[in-house]
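Residue numbers (my numbering): 379 to 637.
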Ligand SMILES: [Fe+2]
Ligand SMILES: [Fe+2]
């Protein structure tokens, strides 16, 4: 488990709250992030049901659940949304998710009045004003991998939360918190990105959009955080990556020879 302050000053913090241990959530280790500005908090992808108690105990070191002013769900996967009904019980926070997933949410046991707390984010993304001096940009990242996926950019820390883009599944004996050199890290991301990201067109258009932001760190939902020169190196690699349907040769078959 980790609790890392990625950015912190008197008033504004970007915190990696927890990386679940191997074995939890069927071995998918995931990152949950808290952006805190004074007494206000925004929780990014709180995670599945199994990690919820850990995330809550880490959260309580920084803010009370009543200070959570928003929960952002990047997409519809269970490792993102699985614990949401419990979070709805202990906070009053509105929840933001791509508009195309709204109709699926009742299948996570959310219905009636609770659905009124959900806000559908339009395809083009949106600006989120949380409190005075606390503004976030919700940036589209569709088809990378989910058809309706959103990223979050915090202009104060200049950290971009990229969800499954940049995600790594590190072997247990290769645990590190930051990527400083992309080359050494590539073996842990290339297979995942080639199979789970939908196409180079989606990757390239996303890179063209986010490189206009002044990104200090790329914070994915799985694995270490990219910083320094690794940020630009990752964007350059991803812009050129053939993936998903680019690699389909016939139904059920993908080429595996491109790096
Ligand atoms: Fe996912
Ligand atoms: Fe994920």
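Even glycine gets a Cβ: it sits at the ideal position worked out from N, Cα and C. None of these values were measured; they are calculated from a predicted model.
So is residue 381 in contact with chain C if we call contact Cβ pairs under 8 Å? The chain labelled as chain C is not found in the depicted structure, where only one protein chain is given.
Buried versus exposed call for residue 631 [16 or more other C-beta atoms within 10 Å across all chains shown]: As a first step, residue 631 must be located in the chain shown, where it is residue number 253. Exposed is the call here.
Whose C-alpha, out of 382, 455 and 567, is nearest the C-alpha of residue 528? For the purposes of this step, residue 528 is taken as the residue at position 150 of the chain shown. The residue with the shortest Cα to Cα distance from residue 528 is 455.
I think residue 411 touches residue 438, with their Cβ atoms under 8 Å apart; what is that distance to the nearest whole Å? Within the chain shown, the letter at position 33 stands for residue 411. Within the chain shown, the letter at position 60 stands for residue 438. Residue 411 to residue 438, Cβ: 16 Å. No contact.
Report the residue from 591, 582, 389 and 602 whose alpha carbon sits nearest the alpha carbon of residue 615. What you label residue 615 is simply residue 237 of the chain shown in a count that begins at 1. Per the Cα distances, 582.
Using the Cα positions of residue 433 and residue 416, report the straight-line distance between them to the nearest angstrom. In the chain shown, residue 433 corresponds to position 55, counting from 1. In the chain shown, residue 416 corresponds to position 38, counting from 1. Rounded to whole angstroms, residue 433 to residue 416 spans 20 Å at the Cα level.
Distance, residue 519 Cα to residue 584 Cα: Start at 1 with the first residue of the chain shown, and residue 584 comes out as number 206. Start at 1 with the first residue of the chain shown, and residue 519 comes out as number 141. Whole-angstrom Cα-Cα distance: 6 Å.
Give me the Cβ distance between residue 356 and residue 450, rounded to the nearest whole Å; I'm assuming they're in contact under 8 Å. Nothing can be reported for residue 356: it is not among the residues displayed for the chain, which extend from 379 to 637.
Is residue 524 close to ligand 1? I mean its beta-carbon at under 7 Å from any heavy atom of the ligand. Here residue 524 refers to the residue found at position 146 when the chain shown is read from its first residue. Because some heavy atom of ligand 1 lies under 7 Å away, the Cβ of residue 524 counts as near it: yes.
Rounded straight-line distance, which links the Cα of residue 426 to that of residue 465: Position 87 of the chain shown, counting from 1, holds the residue named residue 465. Position 48 of the chain shown, counting from 1, holds the residue named residue 426. Taking the straight line joining both Cα atoms gives about 11 Å.
Assess contact between the stretch 440-448 and the stretch 469-489, defined as three or more Cβ pairs (one per stretch) separated by less than 8 Å. Is contact present? yes
For ligand 1, is there any heavy atom lying closer than 7 Å to the beta carbon of residue 453? Taking the chain shown and counting its residues from 1, the one referred to as residue 453 is at position 75. Under cutoff, so the answer is yes.
Quick check: what's the CA-CA separation for residue 396 versus residue 418? Residue 396 sits at position 18 when you count from the first residue of the chain shown. Residue 418 sits at position 40 when you count from the first residue of the chain shown. Rounded to the nearest angstrom, the two C-alpha atoms are 19 Å apart.
Residue 542: beta carbon under 7 Å from a heavy atom of ligand 1? As a working mapping, residue 542 is identified with position 164 in the chain shown. Checking every heavy atom of ligand 1 against the Cβ of residue 542, one is found closer than 7 Å.
Between the CA atoms of residue 408 and residue 637 - distance to the nearest angstrom: Position 259 of the chain shown holds residue 637. Position 30 of the chain shown holds residue 408. Note that residue 637 scores 44 on pLDDT, short of 50, meaning its location in the model is unreliable and no value can be drawn from it.
Go to residue 605, then tell me how far its beta strand (DSSP E) extends in each direction, as first and last residue. Taking the chain shown and counting its residues from 1, one reaches residue 605 at position 227. Segment 603-605, the beta strand (DSSP E) holding residue 605.
Can you grab the Cα-Cα spacing for the pair residue 485 / residue 429, in whole Å? As a first step, residue 485 is located in the chain shown; it is residue number 107 there, counting from the start. As a first step, residue 429 is located in the chain shown; it is residue number 51 there, counting from the start. Going from the Cα of residue 485 to the Cα of residue 429 covers about 20 Å.
Closest residue to residue 543 among 534, 414, 569 and 552 (Cα-Cα distance): Against the chain shown, residue 543 aligns to sequence position 165. Among 534, 414, 569 and 552, the Cα nearest to that of residue 543 is on 569.
Alpha helix (DSSP H) runs wholly inside the stretch 517-572, at least 4 long, in chain order: 560-563
Tell whether a beta-carbon distance below 8 Å holds between residue 516 and residue 384. Counting from one through the chain shown, the residue named residue 516 turns up at place 138. Counting from one through the chain shown, the residue named residue 384 turns up at place 6. Not closer than 8 Å, so no.
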